[in-house]
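Chains as they are written, first to last, in our numbering: chain A, 1 to 347; chain B, 348 to 547.
Yeah, the Cβ is synthetic: ideal placement off N, Cα and C, and Gly gets one too.
Below is one structure; the comments refer to it alone.
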Amino acid sequence: MKLITQISRAFLFCILLVFTGGPHLAANAAPDGLSSTSNCVASASAFLATLSEKERTAVLFDFSDEKQRKNWSNLPSPMYKRAGLRLGDLSPSQREAAMKLLATILSPMGFEKTLGIVEADHVLGEASGPQRGIVFSRDEFFLSFVGKPSSTDPWMLQFGGHHLALNITIHGSKGILTPSHTAAQPATYTRNGKTVRPLAGEYEKSFVLLNSLSADQKSRAIIGSRMADLVLGPGHDGQTILPEGIKGSELSAGQHGLLLDLIREWVGIIHVAAAEQKMAEVKSNLAETHFAWSGPTAPGSAAYYRIQGPTVFIEFAPQQLGGIPTNHIHTIYRDPTNDYGRKPAAR
Amino acid sequence: MSACGKKDASFSLRALLALCSLLCLTLPSQAHLLDQLLQGTLVSVGTDVVTLEIKLIPGIDVAVTVISGIDSNRDGTISKVESLVFVRSVLRAMELSLDGRNLEIEYLGHVLPPLAELRAGIGAVRIKARAGLGNVANGEHRFICRNLQLSPVRIYLLNALVPETPRITIHSQKRDELQTTLQLDYTLRAAEPVILNEPE
């Protein structure tokens, strides 16, 4: 299984190289916020330069456009109306520039995960065909900018479609990924003979953390209620629920490491410099961060979990609404203090 | 219960039975939402009022049945009156209490998605409601929210939001396995005295 995972990672990494070329990866590897922002602005400008005036008008929104800022969903198009430019409407060179932009603004891991989610939707479409007017396809993903790309002023890149909503606010040296939604159906599929699991880390690492807990710790982490879906999914901006589960202060140093490693699956989607800034913040609040679990505890089963701290909120919810729950997963990543980069210091 | 209320309950029951029978005939689909009705409720406890935000999402395979339950005159559209009747039936199927005293739920508003979205299993009916708590003394309190409409096709999410006022501290949130009942134990503290600056 480990070998298959390595092969699938290698396969997606090759796609990543084709889209990005090496230099962007090298730029991403340097954990420097300002230079990362410069790279993002350069890639965004390069993409915008491939567009016609009409296309630029369609993809650019004013930074004050609250409606567009919140225009994201887990739902497929065209039932959910997204704005911006649809990947399927881009020319090959425009699409390549769009992929380069994503590869710059995301980390290699984040870009690989994103491609894996997009491809999962295409696999779903191949298996099911159009369903009641809904098309599942790698073409049904949309790109938009809220604010003009700038090295100093705030702007946001949105990339999303069915099971994906990345809302990335860039402001100076800072990069903010919240709120974002990652999901997958199928969560495991085969491409060119390789097994692809876009959310494998979120799934596997959670069981490692859970099963590192003592019986007493587990009794505090496991909540008795069945969680059928995300509580604070799309449409729940600005809301904070009561934390549940075991507190970080009740975990050992080793378990702290496992929890951070799990959180990194979401925080680490954005480019490396922004991810490292955020991870440092999450680490500083770890004692106040809760881990809650609902469902079976045996690896391989379908269980819900939630990570909730002062500046991080994550939910992972296998869908009990049909099919194999582990093959249809929804997740959400929020920051109750800084969704859309609203924290005063970040804006 | 009023005549109107009996009618609501009657069509709710019809819809429920139809849902149950439909469930037996429906195979899991690969699409999005499927054969259950998700009812998510967020509860916000304040000093003198409790607010409810309810979201109902019928899965794609039960949506038609739910719609026909709302569209009582079967004209293929949902009028404001029909949607209001449905929403009130949802609220009547909830029970709130504070320290053992039943609270009256007041309807505040609702949003019904386009029928096409409901039919596709992606539409969410959103309802806002509140219940006045009266004069609540400072000290310990127990609030309970209960969903009375139990059925195999309904699945619940029932969660409390972090109180907006620092005067309230929720010590414990307890739910049953199916999240039909939520119990909150909380403390209400006295308001901080307002200190006015002396005029210069």
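Would you mind sorting residue 348(B) into buried or exposed? The rule is 16 or more other CB atoms within 10 Å of its CB.
For residue 348(B), the predicted model reports a pLDDT of 35, less than 50, meaning its position is unreliable; a value from the coordinates is still stated below. Answer is exposed; the Cβ neighbour count stays below 16.
Would you identify the three-state DSSP class for residue 256(A), choosing helix, strand or coil?
DSSP places residue 256(A) in helix when its eight states are reduced to three.
If the cut is a Cβ gap below 8 Å, which residues of chain A does residue 494(B) touch?
Under the 8 Å cutoff, chain A gives no residues; its nearest Cβ is about 13 Å from residue 494(B).
I want to verify the contact list: residues of chain B whose CB lies under 7 Å from the CB of residue 226(A), in sequence order.
Those are 524, 525 and 526, listed as they occur along chain B.
Taking only beta-carbon positions, decide if residue 244(A) is within less than 8 Å of chain E.
In the structure shown, chain E does not exist; the protein chains are A and B.
Output the residue ranges of the beta strand (DSSP E) runs that lie fully inside the stretch 479-546 of chain B and measure 3 residues or longer, sorted by chain position.
Runs of the beta strand (DSSP E) inside the stretch 479-546 of chain B: 486-494, 501-507, 515-522 and 528-535.
Among 37(A), 134(A) and 196(A), which one has its Cα closest to the Cα of residue 115(A)?
That would be 196(A), whose Cα lies nearest to the Cα of residue 115(A).
Helix, strand or coil: which one does DSSP assign to residue 81(A)?
Residue 81(A): coil per DSSP, three-state reduction.
If we define contact as Cβ-Cβ less than 8 Å, is residue 203(A) a contact residue for chain B?
It does not: the Cβ of residue 203(A) has no partner Cβ on chain B nearer than 8 Å.
Here's the rule: buried if 16 or more other CB atoms are within 10 angstroms of the residue's CB, otherwise exposed. What is residue 538(B)?
Exposed, by the Cβ-count rule.
Counting only C-beta atoms, is residue 231(A) closer than 8 Å to chain B at any point?
Chain B, which has a Cβ nearer than 8 Å to the Cβ of residue 231(A), makes this yes.
Could you work out which residues of chain B lie near residue 270(A), taking near to mean beta carbons separated by less than 9 Å?
Going along chain B, no residue has its Cβ under 9 Å from residue 270(A), so there is no contact; the nearest lies around 26 Å.
If you follow the beta strand (DSSP E) that residue 176(A) is part of, which residue opens it and which one closes it?
Residue 176(A) -> beta strand (DSSP E) spans 174-176.
Write down the C-beta distance between residue 327(A) and residue 186(A) rounded to the nearest angstrom, noting that I regard them as a contact closer than 8 Å.
Correct: roughly 5 Å between the Cβ atoms.
What residue ranges within the stretch 391-448 of chain B form continuous alpha helix (DSSP H) runs of no fewer than 4 residues, ordered along the chain?
As far as the stretch 391-448 of chain B is concerned, its whole alpha helix (DSSP H) runs of at least 4 residues are 410-417 and 427-439.
Select from 42(A), 290(A), 79(A) and 90(A) the residue whose C-alpha is nearest the C-alpha of residue 463(B).
For the residues 42(A), 290(A), 79(A) and 90(A), the minimum Cα distance to residue 463(B) belongs to 79(A).
Kindly confirm or deny that the stretch 503-510 of chain B and the stretch 219-232 of chain A touch, where touching means at least three C-beta pairs closer than 8 Å.
Yes, the stretch 503-510 of chain B is in contact with the stretch 219-232 of chain A.
Helix, strand or coil, according to DSSP, for residue 207(A) in the structure here?
Note: residue 207(A) maps to helix in three-state DSSP.
Considering only DSSP beta bridges, list what residue 333(A) is partnered with.
Answer by DSSP bridge pairing, in chain order: 180(A) and 314(A).
With a cut-off of 8 Å on the beta carbons, I'd call residue 425(B) and residue 459(B) a contact; round off their distance for me.
Rounded, the Cβ-Cβ distance is 6 Å, consistent with contact.
Please confirm if residue 57(A) has its CB atom under 8 Å from at least one CB of chain B.
Closer than 8 Å: no.
In chain A, what lies closer than 8 Å to residue 509(B) by C-beta?
Within 8 Å Cβ-Cβ: 240, 241 and 242.
Going by Cα to Cα distance, which pick from 143(A), 130(A), 166(A) and 128(A) is closest to residue 110(A)?
Cα-wise, what sits closest to residue 110(A) is 166(A).
What number of angstroms, rounded off, separates the C-alpha of residue 60(A) from the C-alpha of residue 461(B)?
About 28 Å.
Determine the chain A residues that contact residue 340(B) at a beta-carbon separation under 7 Å, and present them in chain order.
Residue numbering for chain B in the displayed model covers 348 to 547; residue 340(B) lies beyond these limits and cannot be assessed.
Please classify residue 339(A) as buried or exposed, where buried requires at least 16 other C-beta atoms within 10 Å of its C-beta.
Buried, by the Cβ-count rule.
Roughly how many angstroms lie between the CA atoms of residue 470(B) and residue 82(A), to the nearest whole one?
Those two C-alpha atoms are separated by around 15 Å.
Tell me the rounded alpha-carbon separation between residue 254(A) and residue 312(A).
If you take the alpha carbons of residue 254(A) and residue 312(A), they lie about 20 Å apart.
Less than 8 Å between the C-beta atoms of residue 429(B) and residue 415(B), yes or no?
Not in contact: residue 429(B) and residue 415(B) (Cβ atoms no closer than 8 Å).
Going by beta carbon distance, what residues of the same chain come within less than 6 Å of residue 493(B), once the five residues before and after it are set aside?
Excluding positions up to five away in sequence, the list reads 442 and 528.
My output table needs one value for residue 167(A): the three-state DSSP class, helix, strand or coil.
It is a strand residue.
How far does the alpha helix (DSSP H) with residue 453(B) in it extend, from its first residue to its last?
Unbroken run through residue 453(B) is the beta strand (DSSP E), 453-458; no alpha helix (DSSP H).
Is it buried or exposed, residue 208(A), if we count other Cβ atoms within 10 angstroms and call 16 or more buried?
Classification for residue 208(A): exposed.
Alpha carbon to alpha carbon, how far is residue 122(A) from residue 75(A)?
One C-alpha to the other measures close to 14 Å.
Pull up the distance between the alpha-carbon of residue 377(A) and that of residue 176(A), whole angstroms please.
Given a span of 1 to 347 for chain A in the structure shown, any question on residue 377(A) remains unanswerable.
List the endpoints of the continuous alpha helix (DSSP H) containing residue 248(A).
First-last for residue 248(A): undefined, no H or E at that position.
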